[in-house]
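*Asks:* Below you'll find the structure I mean.
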Amino acid sequence: PEKIINRKKQGFSAPEESWYRGENAEYVKEILLNGNTVSSDYINRDYISKVVDEHINKNQNHRLLIWSLLNFEWWCRIFLNKEYV
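Residue numbers are given in the numbering used here: position 56 of the sequence shown equals residue 55, and the series is strictly consecutive.
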């Protein structure tokens, strides 16, 4: 419908901090810390591991950084490695 097509863009925020803990923690680790992580060519893997561990262990709230890292990883996979998932 015309009213939806032409409406003003609407932003959204990253998932809340608890989303990256519990059962989703495994997803975060799988995407950011496995041997196939493309973004580790650009971002130090030890740093990523530290950020993820601090967040999962509730030492720090890194939800926005983890959201950015996940998006960067998927961007690298799609546009640099030509993976279409």
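Virtual Cβ for every residue (Gly too), placed ideally from N, Cα, C. In this text the structure is predicted, and so the values were computed from the model without any measurement.
Taking Cβ to Cβ, would you say N80 is nearer than 9 angstroms to V37?
*Replies:* Closer than 9 angstroms, so yes.
*Asks:* Looking only at its own chain, which residues have a Cβ that is under 7 angstroms from the Cβ of E82, when we skip the five neighbours before and after it?
*Replies:* For E82, where only same-chain residues beyond five positions count, the Cβ hits under 7 angstroms are R76.
*Asks:* Could you tell me whether the Cβ atoms of L32 and S48 are closer together than 9 angstroms?
*Replies:* Yes; because the gap between Cβ atoms is below 9 angstroms, this pair is in contact.
*Asks:* If you follow the alpha helix (DSSP H) that F71 is part of, which residue opens it and which one closes it?
*Replies:* Element bounds for F71: 62-74.
*Asks:* Hey, quick one: how far does the alpha helix (DSSP H) through S48 stretch, first residue to last?
*Replies:* Taken as a continuous stretch (DSSP letters only), the alpha helix (DSSP H) holding S48 covers 44-55.
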